[in-house]
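Okay, so the sequence shown: first residue is 35 according to my numbering, each after it adds one. The beta-carbon is built from N, C-alpha and C at its ideal position, and this holds for glycine as well. Just so it is clear, the structure is predicted and the values come from calculations on it, not from any experiment.
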Amino acid sequence: MLKSEMLECLINYYSDGNKAKFSAHIGVKPQTVSAWIARNTFDAEVLYAKCSDISADWLLNNGVGDMLKSVNNTATANGNSSIAAINSNVTMESNEVLKERLKLMEELLAEKERLIKVYEKMMEGK
Numbered sequence: 035m036l037k038s039e040m041l042e043c044l045i046n047y048y049s050d051g052n053k054a055k056f057s058a059h060i061g062v063k064p065q066t067v068s069a070w071i072a073r074n075t076f077d078a079e080v081l082y083a084k085c086s087d088i089s090a091d092w093l094l095n096n097g098v099g100d101m102l103k104s105v106n107n108t109a110t111a112n113g114n115s116s117i118a119a120i121n122s123n124v125t126m127e128s129n130e131v132l133k134e135r136l137k138l139m140e141e142l143l144a145e146k147e148r149l150i151k152v153y154e155k156m157m158e159g160k
């Protein structure tokens, strides 16, 4: 991933795409961020220091891997295990929703297959 693309990801995450807000967040002038994008570069130390959720691996490996630190690691580092617990609950709820949707999709597929067989039998009779 290009460094300019990585910057765009950070700008979208931290300031909903607003470069001026992102610049203020990291403590540099908006022109600096624009120059970084144009030159396909950035100051990794500034970004890592000011963007607390960002993964150092992602930042230093040209955008390979997850952009953000995992919630479990962040929660442990901050001594806040409730965040990890909430994330775990959300994940379990999401899994249940996905299982329910999968079941409905399987039922729809079975119904479509049944209808295809009915139509095939009707066509044989003609």
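Is any heavy atom of the ligand GDP found at a distance shorter than 6 Å from the C-beta of Met-101?
-> The model depicted lacks the ligand GDP and carries no ligand whatsoever.
Handout entry: Helix, strand or coil at Leu-138 according to DSSP, with G and I counted as helix
Key = In the sequence shown, residue 138 corresponds to position 104, counting from 1. Helix.
Is Ile-150 buried or exposed, if buried means 16 or more other CB atoms sit within 10 Å of its CB?
Walking along the sequence shown from the start, residue 150 turns up at place 116. Exposed: under 16 other Cβ atoms inside 10 Å.
Practice task
Using beta-carbon positions only, say whether Ile-60 and Lys-84 come within less than 7 Å of one another.
Solution key: Walking along the sequence shown from the start, residue 60 turns up at place 26. Walking along the sequence shown from the start, residue 84 turns up at place 50. It is a contact, given that the beta carbons lie within the stated cut-off.
Quiz item: Looking at the unbroken alpha helix (DSSP H) that takes in Ser-68, where does it start and where does it end?
Solution: Translated into the one-based positions of the sequence shown, residue 68 becomes position 34. Judged by DSSP secondary structure, Ser-68 falls within the alpha helix (DSSP H) whose first and last residues are 64-73.
For Asn-107, does the three-state DSSP call read helix, strand or coil?
By 1-based counting over the sequence shown, the position of residue 107 is 73. Because the pLDDT of Asn-107 is 49, which lies under 50, any placement of that residue in the model is unreliable, and the question is left without a value.
Would you decide whether Met-35 is buried or exposed? Buried here means 16 or more other CB atoms lie within 10 Å of its CB.
What you label residue 35 is simply residue 1 of the sequence shown in a count that begins at 1. Flag for Met-35 reads exposed.
Report task. Pull up the CB-CB distance for Leu-41 and Ile-71, whole angstroms please, since I reckon it's below 8 Å. Result -> As a working note, residue 41 is residue 7 in the sequence shown. As a working note, residue 71 is residue 37 in the sequence shown. Rounded, the Cβ-Cβ distance is 6 Å, consistent with contact.
* Asked: For Met-156, which residues from the same chain have a beta carbon less than 7 Å from its beta carbon, with the 5 sequence-adjacent residues on both sides left out?
  -> Position 122 of the sequence shown, counted from the start, is the residue given in the question as residue 156. Its chain contains no residue whose beta carbon lies nearer than 7 Å to that of Met-156 once the 5 sequence neighbours on both sides are disregarded.
query: Tell me, which residues are paired with Ile-88 by DSSP?
result: Residue 88 sits at position 54 when you count from the first residue of the sequence shown. Beta-bridge partners assigned by DSSP to Ile-88: Leu-102.
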